[in-house]
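Engineer: Mapping the first sequence onto the numbering used here, position 89 (from 1) lands on 80, and the numbers just tick up by one. In this text, a Cβ means the ideal position worked out from N, Cα and C, and glycines have one as well. Just so we're clear, the structure is a prediction, and the values are computed from it rather than from any experiment.
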Amino acid sequence: MPELPEVEAVVNALGGIVRGKRITGVRVLRPQTIQSMSVTRFCRLLRGRVIERVRRRAKFILLDLSDGWTLVVHLRMTGGFVYAESRRPFPPTARVLFLLEGGARLAYTDIRNLGLIRLVRTERLDRWAEWRRLGVEPLSRTFTVRRLEEMLRGSRRAIKAFLLDQTKVVGLGNIYAAEALHRARLSPMRRAESVARSRARVVALYESIRETLREAIAAQSTGPLHLEFVNAQGQSHHPRRAPSPFRVYGREGEPCPVCGAPIRRIKQHGRSTYYCARCQT
DNA sequence: AAGAAGTCCTGGGCGC
DNA sequence: TGCGCCCAGGACTTCT
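1. Tell me, please, which residues DSSP counts as bridged to TYR266.
2. Assuming VAL161 contacts GLY106 under a Cβ cut-off of 8 Å, what Cβ separation, rounded to an integer in Å, is found between them?
3. Please classify ARG231 as buried or exposed, where buried requires at least 16 other C-beta atoms within 10 Å of its C-beta.
4. Between the Cα of GLU43 and those of VAL(-2), LEU177 and ARG10, spot the shortest distance and give me the residue it belongs to.
5. Can you tell me the Cα-Cα spacing of THR203 and GLU170, whole angstroms?
6. Can you give me the Cβ contacts of MET28 inside the same chain, cut-off strictly under 7 Å, excluding the 5 residues immediately before and after it?
7. For ALA98, name the three-state secondary structure that DSSP assigns.
8. Within 8 Å, do at least three Cβ pairs link the region 48 to 61 to the region -5 to 10?
9. So, using beta-carbon positions, are VAL1 and LEU218 closer together than 9 Å?
10. Rounded to whole angstroms, what is the Cα-Cα separation between PRO82 and THR31?
11. Quick one: what's got a C-beta closer than 7 Å to LEU151's C-beta in the same chain, skipping five residues either side?
12. For a test of the three-state rule: what should DSSP assign to GLY6, helix, strand or coil?
13. Determine the DSSP secondary structure at PRO230, reduced to helix, strand or coil.
14. Apart from the five residues on each side of it in sequence, which residues of its chain come closer than 6 Å, Cβ to Cβ, to VAL249?
15. According to DSSP, is ALA49 helix, strand or coil?
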């Protein structure tokens, strides 16, 4: 669920809260969530380190710590953070607790346990295969129409599947892939290489990806869905977004906002794809 | 070797 | 009321 815009929102909000704070202790409630080292080592390495910066790469949240360590978090489907300044009990979905100086606590929560956390030396991040394979950041200057065209060329997969491939363009998930394709008026079933054959289509897709993500980031200024704040009274400030801002995702049967034809839902590689059969070709 | 399929995970919704 | 099935989907591994 959290795609680039949601992760971006969590990173920005989290950064404002924990940057500069020292980690005084760690409690791992679910050991399997910690990747690549033992829980003992994980806790020992974190204790005493200061969170110097919070940033994003693809859908990964990176907390750069003092002494060259980086805490890498991927929320996958249901991961999130709960930040509390009081010593309130955390929800049963809490998997890892970070105790911060001053008594605040940051909990990593995850209902379905698909998310992961790993601690790596910052300069060794690119020795991690999954990390190295990550594609271009769609909102960066290195993402160009030409680069997109080169990636599309020769790929016989459906454009929807292409957009979900994190080794090509990072950050899009099932929701924003559908939204970007609707905005570009491209059928999700169209082959990637056939998009590449038309300059106009490549440009439309390029612009759509960026606009879709930019708008989604702006729309979340009210607060990230995957970061919850609990105050001293135990009341939760869980900033809610406005109701479904999506044009096609989750709107099967509703009229297309462009042409009025009913939105369709199909299955592509086991995933739902929402699109307008009339104006997306 | 690209790309499709299978797998993991849990709670909610639905049909019977 | 309760059981079982399906669904949500990110990104891996496995298979073709």
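Structural biologist: Concretely, from the data shown:
1. According to DSSP, TYR266 bridges with ARG255.
2. Contact annotation, VAL161 with GLY106: C-beta distance approximately 17 Å; criterion of less than 8 Å not satisfied.
3. Its pLDDT being 46, under 50, ARG231 is placed unreliably in this model, and the coordinates cannot settle the point.
4. With distances taken between Cα atoms, GLU43 lies closest to ARG10.
5. It is roughly 7 Å from the alpha-carbon of THR203 to the alpha-carbon of GLU170.
6. If we look at MET28 and ignore the five residues flanking it on each side, its Cβ neighbours are LEU110.
7. Of the three classes helix, strand and coil, the one that applies to ALA98 here is strand, per DSSP.
8. Result yes; three or more Cβ-Cβ pairs closer than 8 Å.
9. Against a cut-off of 9 Å, the Cβ pair of LEU218 and VAL1 comes out as a contact.
10. Cα to Cα, PRO82 sits roughly 23 Å from THR31.
11. Checking the sequence shown, residue 151 turns out to be Lys, not Leu. The beta carbon of LYS151 is closer than 7 Å to those of ALA168, LEU172, PRO179, GLN259 and THR264 in its chain, skipping five residues each way along the sequence.
12. The answer is helix: DSSP assigns GLY6 an H, G or I state.
13. Low per-residue confidence applies at PRO230: pLDDT is 48, beneath 50, and the placement is therefore not dependable, though the value from the model is reported in the following sentence. Residue state for PRO230 is assigned as coil, using DSSP reduced to three classes.
14. Excluding sequence neighbours, VAL249 sits near CYS270.
15. In the structure shown, ALA49 sits in coil (DSSP, three-state: anything other than H, G, I, E or B).
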